[in-house]
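J.:
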Amino acid sequence: MPTPRIEITFCTQCRWLLRAQWYAGELLQSFPDEIGEIALIPATGGVFRIDVGDERVWNRKRDDGFPEIGELKRRVRDVIAPGRSLGHTDRTE
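Under my numbering, think of the first position of the sequence shown as 88, with each following residue one higher.
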């Protein structure tokens, strides 16, 4: 099975590059064997979205802001490795 490409599209006008880089690093730490590549795609107009293959897992406008890292990892996991445990990230308090 081919490993997926994750695209993080971010607004350069809003200076969201560091946020995009941080999310990319966190996803690579959590899914080192499941991710084929992560692309950071500069855009404008307040855009911030994360796509896994053809599936949009996060859109700042649709989802009201930026994801907590645990929520983002769960959404990505559900696409690339359903059923895989994320350990403490899966626990609810």
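From the three backbone atoms N, C-alpha and C, an ideal C-beta is built for every residue, glycine too.
Remember, it's a predicted structure, so these values are computed and weren't measured experimentally.
1) Roughly how far, in whole angstroms, is the beta-carbon of Ile156 from the beta-carbon of Glu113, given that I think they are within contact range, below 8 angstroms?
2) Using a Cβ-Cβ cut-off of 7 angstroms (strictly less than) and excluding sequence neighbours within five positions of Gly132, which residues of its own chain qualify?
3) Using DSSP with H/G/I as helix, E/B as strand and the rest coil, what is Glu142?
4) Quick check on the burial criterion: 16 or more other C-beta atoms within 10 angstroms. Buried or exposed for Ser172?
5) Please return the same chain residues whose Cβ sits closer than 7 angstroms to the Cβ of Glu180, not counting the five positions on each side in sequence.
6) Determine the burial state of Trp145: buried for a count of at least 16 other Cβ atoms within 10 Å of its Cβ, exposed for fewer.
T.: The answer reads as follows:
1) For the purposes of this step, residue 156 is taken as residue 69 along the sequence shown, with counting starting at 1. For the purposes of this step, residue 113 is taken as residue 26 along the sequence shown, with counting starting at 1. The C-beta distance from Ile156 to Glu113 rounds to 5 angstroms, short enough to fall under 8 angstroms.
2) Taking the sequence shown and counting its residues from 1, the one referred to as residue 132 is at position 45. Answer for Gly132: Cys98, listed in chain order.
3) Taking the sequence shown and counting its residues from 1, one reaches residue 142 at position 55. DSSP places Glu142 in strand when its eight states are reduced to three.
4) Here residue 172 refers to the residue found at position 85 when the sequence shown is read from its first residue. That one is exposed.
5) Numbered from its first residue, the sequence shown carries residue 180 at position 93. Low confidence applies here, because Glu180 scores a pLDDT of 48, under 50, leaving its location unreliable and the question unanswered by this model.
6) Residue 145 sits at position 58 when you count from the first residue of the sequence shown. By the 10 Å Cβ count, Trp145 comes out buried.
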